[in-house]
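**Student:** Residue numbers (my numbering): 105 to 191.
By construction, the Cβ of each residue, glycine as well, lies at the ideal position given by its N, Cα and C atoms.
This structure is in structure tokens; I'll ask about it shortly.
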Amino acid sequence: MIFFSLHNITDATVAIEVAESLVCDAIEARNSVRGKAKKVRMCMSKIKQLNELCHAKQWSEPLDIMKVSFKQLEDANAELDVNLWSL
């Protein structure tokens, strides 16, 4: 998992680097076996934080990078909910 501070993201290139590493984190969270729900929630939270910063600064490239990953995490979260109710 990547750790970042929103204060350290000063331009679009840094935001793109963080977004790309969040994509990798999303893939790992989606495919994890242990602690999947926690990893998915943490990754979604980080993507939401960066998403809000990019909207405020009007950076579109990082938003495009993270869009697919967030959708995949939402699907993984829904899958976890279905599995919970099927027990």
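1. Using 9 Å as the threshold, is the C-beta distance between residue 154 and residue 184 below it?
2. For residue 118 and residue 161, I'd like the C-alpha separation in whole angstroms.
3. Check each candidate in 131, 165 and 179 and name the one with the smallest Cα separation from residue 116.
4. Spatial neighbours of residue 171 within its chain, please: CB distance less than 7 Å, with the 5 preceding and 5 following residues excluded, ordered by chain position.
5. Taking the continuous alpha helix (DSSP H) assigned at residue 172, which residues delimit it?
6. Would you call residue 177 buried or exposed, if buried means 16 or more other Cβ atoms sit within 10 Å of its Cβ?
7. Taking residue 154 as part of the alpha helix (DSSP H), name the residues at either end of that continuous run.
8. Evaluate residue 179 with the Cβ neighbour count: other Cβ atoms within 10 Å of its Cβ, from every protein chain shown; 16 or more gives buried, anything less gives exposed.
**Tutor:** If we stick to the structure as given:
1. Taking the first residue of the sequence shown as position 1, residue 154 is located at position 50. Taking the first residue of the sequence shown as position 1, residue 184 is located at position 80. Cβ atoms of residue 154 and residue 184: not closer than 9 Å.
2. The count along the sequence shown starts at 1 and reaches residue 118 at position 14. The count along the sequence shown starts at 1 and reaches residue 161 at position 57. Those two C-alpha atoms are separated by around 13 Å.
3. Counted from its first residue, the sequence shown places residue 116 at position 12. Cα-wise, what sits closest to residue 116 is 165.
4. Locating residue 171 in the sequence shown gives position 67, counting from the first residue. Once the five neighbours on either side are set aside, residue 171 has no close Cβ partner at all.
5. Reading the sequence shown from its first residue, position 68 is the one you call residue 172. Its alpha helix (DSSP H) spans residues 165–189.
6. The residue you call residue 177 lines up with position 73 of the sequence shown. Result: buried.
7. In the sequence shown, residue 154 corresponds to position 50, counting from 1. That run of the alpha helix (DSSP H) goes 140–161.
8. Here the question's residue 179 lines up with position 75 in the sequence shown. Counting every other CB atom within 10 Å of its CB across the protein chains shown gives residue 179 a total below 16, marking it as exposed.
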